[in-house]
Amino acid sequence: MPQEKLFLELLPKAVDITDNSKEVKKGSIFFAIKGTKFDGHTFLGEVLKKSPLAVVVEKSYKPPKGLDFSSTHLIKVENTRKSFAKACKEFFGKPDERLKMFGITGTNGKTSTSHILAQLLENSGCPTGIIGTVEYRLGSKIYGKGQTTPHPKVWFKTLTQMLLDGAKAVSAEISSHALDQYRIYSTNFEGVVFTNLSQDHLDYHQSMEEYYLSKKRLFTDYQYKVGITNIDNPYGRRLFQEIPNLVSFGKSPDAHYRILDYSLTLEGSKVYLQLPDKRKVVLEIPLLGEFQIYNTVGAFALLHTLGWNLNDLLEGIKNLKPIPGRFEVIQIGGRTVIIDYAHTPDALDNLLRSVKKLQRGGRLITLFGAGGNRDKTKRPLMGKVASKYSDILVITSDNPRWEEPQEIINHILEGVNSNIPTVVEVDRRKAIKRAILEISQEGDIIVIAGKGHEDYQEIKGIKYPFSDRQEVLKLKEETQDWL
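So in our numbering, spot 455 of the sequence shown is number 927, and the numbers just go up one at a time.
Okay, here's the thing in structure tokens:
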């Protein structure tokens, strides 16, 4: 029997499967995975003492002298990451094959597109789970939160739980890290979407080419009925040229779903869209921001191509609810505060460009920082982008993690136009307070970017409770009598 199939034969007898040596118990199957920090193969001595049913290792593994595998099955495979994901799928009953699975990948827009897709499916009578940056949820039931795209065991277990709780579909954000690490390997999809690609995660991927190739895997290594791509984005167009039979959307004249025109207000947008058969429809989108046009059209194009009812989709778009931390608007003392998750140069550009179009006379004040222990090269680019649109900048901390906040701020300042009035306040809570109470005037727009829905701030390995939204609402309550 081929080694790859042996662990699948043993699965029904396994009490558990894991890639964590600490979780191994008698009768479980352990997969030795070489990670970025640890190599599971180095823990096999400890694992064997726990009487596992089997251990799965890479073919290249050479056991050191003294390790006794006689009381277990030693299985050698090409890639333990892939094998572990396949095993998780089998162990949890192949839930992806009993659900309509939708996967969204891209630098920006994954969360919004997946939420829009889920809402449109729900509106069409299809209970839909969401897995992504904000949380893993079906209806009002939360299954957890953490990584944008979870560990293989969490992924397939969550899909099974959602299926048992009545889900018919799942709309999931698929990160480049997850694709690179085969976290969702062997998942079958109904449809997949590529939103865009711009600079981010270069601390992990080393180059834009490597980053793109990781994203591309969703379209080459997985089964799906329909693939959608945004051809206004250079990488989205490249994907369209490299992968046969993709469906395209965008303003480009050759897009299958072509955005002919649109108007933006503080209530949302109206989009004139040409369908592949040249019919024209109007999308009335109650979400704010130009970028939400792309996210909505991407979700619409996928479901329309798959044959979902056009009128149900148009009605569903009219009834879309705001997405947590995505262009959230709070009015406070004649000022408009906008909270958004934008934390890449491209996302910040899209956000501020949209805000600029809504500006009616007041100033645009932009408050932001950049994450620590992440791609450092994007920091000055964010400073440059913010300078392009803003009248005043407030540079502060985001999630500094293990870096010194002032050092991160200095990197941002390298890209800031010295002609733009700039306030530096390391403490994000104080920065928000100063931006609203000291710097702004009536009629101004204050954009608070970078954290969006997040309810913590990560400093030196500790996640402290912190929410931009709650800070603004607290100020609104405290100042309602005098601001």
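A virtual CB, placed ideally from N, CA and C, is assigned to each residue, including glycine. Since the model is a prediction, treat every value here as computed from it, not as a measurement.
- Item | Burial state of L820, where buried means 16 or more other Cβ atoms lie within 10 Å | For the purposes of this step, residue 820 is taken as residue 348 along the sequence shown, with counting starting at 1. Result: buried.
- Query: Relative to the C-alpha of Y734, which residue among T605, T768, K521 and T508 is closest?
  - Reply: On the sequence shown, residue 734 is found 262 positions in, with the first residue counted as 1. For Y734, the nearest C-alpha among the options comes from T768.
- Query: Any chance the stretch 775-793 sits against the stretch 604-621, with 3 or more Cβ pairs inside 8 Å?
  - Reply: no
- Taking N966 as the reference, give the member of P758, E930, T868 and E886 with the closest Cα. There is no way to answer for residue 966, as the model of the chain reaches only from 473 to 955.
- Query: Hey, I588 and A858 are a contact pair by Cβ (cut 8 Å); roughly how many whole angstroms apart?
  - Reply: The count along the sequence shown starts at 1 and reaches residue 588 at position 116. The count along the sequence shown starts at 1 and reaches residue 858 at position 386. No, I588 and A858 are not in contact; Cβ-Cβ is about 27 Å, not under 8 Å.
- Query: In chain order, what residues of the same chain lie with their CB nearer than 6 Å to the CB of G578, ignoring the 5 residues before and after it?
  - Reply: Sequence index remark: in the sequence shown, residue 578 carries index 106 (1-based). These residues qualify, in order along the chain: F666, T667 and N668.
- Return the chain-ordered list of same chain residues with a C-beta closer than 8 Å to the C-beta of N717, the five sequence neighbours on each side being excluded. The residue you call residue 717 lines up with position 245 of the sequence shown. Hits under 8 Å: G699.
- Could you work out which residue in K629, V664, I802 and G581 is closest to L738 when comparing CA atoms only? Taking the first residue of the sequence shown as 1, we reach residue 738 at position 266. Comparing Cα positions, the closest option is I802.
- Write down the C-beta distance between S586 and A644 rounded to the nearest angstrom, noting that I regard them as a contact closer than 8 Å. The residue labelled residue 586 in the question sits at position 114 within the sequence shown. The residue labelled residue 644 in the question sits at position 172 within the sequence shown. Their Cβ separation, rounded to whole angstroms, is 6 Å, which keeps S586 and A644 in contact under 8 Å.
- Message: So if DSSP puts Y734 in a beta bridge, which residue, or which two residues, is it bridged to?
- Response: Residue mapping note: residue 734 aligns to position 262 of the sequence shown, counting from 1. According to DSSP, which records beta bridges pairwise, Y734 is partnered with V743.
- Query: CB K554 to CB Y657, shorter than 8 Å?
  - Reply: Within the sequence shown, residue 554 is the residue found at index 82, counting from 1. Within the sequence shown, residue 657 is the residue found at index 185, counting from 1. Cβ atoms of K554 and Y657: closer than 8 Å.
- Roughly how many angstroms separate the alpha carbons of M573 and E762, rounded to a whole number? Numbered from its first residue, the sequence shown carries residue 573 at position 101. Numbered from its first residue, the sequence shown carries residue 762 at position 290. Straight-line Cα distance between these residues: approximately 27 Å.
- Are K485 and L525 touching if we call contact CB-CB under 8 Å? In the sequence shown, counting from the first residue as 1, residue 485 sits at position 13. In the sequence shown, counting from the first residue as 1, residue 525 sits at position 53. The answer is yes: Cβ separation under 8 Å.
- Can you tell me which of the three DSSP states I656 falls into? Start at 1 with the first residue of the sequence shown, and residue 656 comes out as number 184. I656 falls in the coil class under three-state DSSP.
- Can you have a look at P937 and say buried or exposed, based on whether 16 or more other CB atoms are within 10 angstroms of its CB? Sequence index remark: in the sequence shown, residue 937 carries index 465 (1-based). Counting Cβ neighbours within 10 Å, P937 comes out exposed, since fewer than 16 surround it.
- Query: Just curious, the beta strand (DSSP E) that H545 is in, first and last residue?
  - Reply: Looking up residue 545 in the sequence shown gives position 73. That run of the beta strand (DSSP E) goes H545 to V549.
- Between S413 and D511, what straight-line distance do the alpha-carbon atoms span, to the nearest angstrom? Only positions 473 to 955 of the chain appear in the structure, and residue 413 is not among them; the question remains open.
- Task: For the alpha helix (DSSP H) holding E518, just list the boundary residues, first then last.
- Result: For the purposes of this step, residue 518 is identified with residue 46 of the sequence shown, where counting begins at 1. Where E518 is concerned, the enclosing alpha helix (DSSP H) stretches over L516 to L520.
- Note down, in chain order, each residue of its chain lying with its Cβ closer than 6 Å to the Cβ of L593, except the 5 sequence neighbours on either side. Mapped onto the sequence shown, residue 593 falls at position 121. Closer than 6 Å at Cβ, skipping near neighbours: T600 and A641.
- Task: Express the C-alpha separation of I867 and P852 in angstroms, rounding to a whole number.
- Result: The sequence position of residue 852 within the sequence shown is 380, counting from 1. The sequence position of residue 867 within the sequence shown is 395, counting from 1. So the alpha carbons of these two residues sit roughly 12 Å apart.
- Message: Distance check for I908 and D870, CA to CA, integer angstroms please.
- Response: As a working note, residue 870 is residue 398 in the sequence shown. As a working note, residue 908 is residue 436 in the sequence shown. Distance between the alpha carbons of D870 and I908 is about 18 Å.
- Query: For E787, which of helix, strand or coil comes out of DSSP?
  - Reply: Within the sequence shown, numbered from 1, the residue matching residue 787 stands at position 315. In the three-state scheme derived from DSSP, where H, G and I count as helix and E and B as strand, E787 is classed as helix.
- Query: Can you tell me the Cα-Cα spacing of E714 and E681, whole angstroms?
  - Reply: As a first step, residue 714 must be located in the sequence shown, where it is residue number 242. As a first step, residue 681 must be located in the sequence shown, where it is residue number 209. Cα-Cα distance, rounded: 14 Å.
- What is the residue span of the alpha helix (DSSP H) that S826 lies within? As a first step, residue 826 is located in the sequence shown; it is residue number 354 there, counting from the start. Its alpha helix (DSSP H) spans residues P817 to L830.
- Message: By the DSSP assignment, the beta strand (DSSP E) with I920 in it spans what residues?
- Response: Stepping through the sequence shown from its first residue, residue 920 is reached at position 448. Residues I917 to A921.
- Message: Checking 8 Å against the spacing of the C-beta atoms, do V944 and V827 come in under that value?
- Response: Here residue 944 is taken as the residue at index 472 of the sequence shown, counted from 1. Here residue 827 is taken as the residue at index 355 of the sequence shown, counted from 1. No.
- Item | Expected contact under 8 Å - CB spacing of V719 and L690 to nearest Å | As a working mapping, residue 719 is identified with position 247 in the sequence shown. As a working mapping, residue 690 is identified with position 218 in the sequence shown. Contact doesn't hold; Cβ gap of about 15 Å is too wide.
- Query: If you draw a straight line from the C-alpha of T621 to the C-alpha of E875, how long is it?
  - Reply: Sequence index remark: in the sequence shown, residue 621 carries index 149 (1-based). Sequence index remark: in the sequence shown, residue 875 carries index 403 (1-based). Taking the straight line joining both Cα atoms gives about 25 Å.
- Query: Rounded C-beta distance between T630 and I602? I'm assuming under 8 Å.
  - Reply: Position 158 of the sequence shown, counted from the start, is the residue given in the question as residue 630. Position 130 of the sequence shown, counted from the start, is the residue given in the question as residue 602. Wrong, their Cβ atoms sit about 10 Å apart, outside the cutoff.
- Message: Tell me the DSSP secondary structure of G722 in three-state form.
- Response: Position 250 of the sequence shown holds residue 722. In the structure shown, G722 sits in a strand (DSSP, three-state: E or B).
- Message: So, with DSSP's three-state summary, where would you put G507?
- Response: Stepping through the sequence shown from its first residue, residue 507 is reached at position 35. G507 sits in coil when the DSSP states are folded into three classes, being neither helix nor strand.
- Measuring CA to CA, which of D899, K497, S890 and Q653 is closest to K860? Sequence index remark: in the sequence shown, residue 860 carries index 388 (1-based). The residue with the shortest Cα to Cα distance from K860 is S890.
- Message: By the three-class DSSP mapping on this structure, what secondary structure does F541 have?
- Response: Mapped onto the sequence shown, residue 541 falls at position 69. Three-state DSSP puts F541 in coil, outside helix and strand.
- Rounded C-beta distance between K531 and V519? I'm assuming under 8 Å. What you label residue 531 is simply residue 59 of the sequence shown in a count that begins at 1. What you label residue 519 is simply residue 47 of the sequence shown in a count that begins at 1. The pair is not a contact, with the Cβ atoms about 18 Å apart (cut-off 8 Å).
- Message: Can you tell me which residues form a DSSP beta bridge with V527?
- Response: Stepping through the sequence shown from its first residue, residue 527 is reached at position 55. The secondary-structure analysis by DSSP pairs V527 across a beta bridge with F502 and L546.
- Item | Opening and closing residue of the alpha helix (DSSP H) in which G855 lies | As a first step, residue 855 must be located in the sequence shown, where it is residue number 383. Counting along the chain, the alpha helix (DSSP H) containing G855 begins and ends at K850 to Y861.
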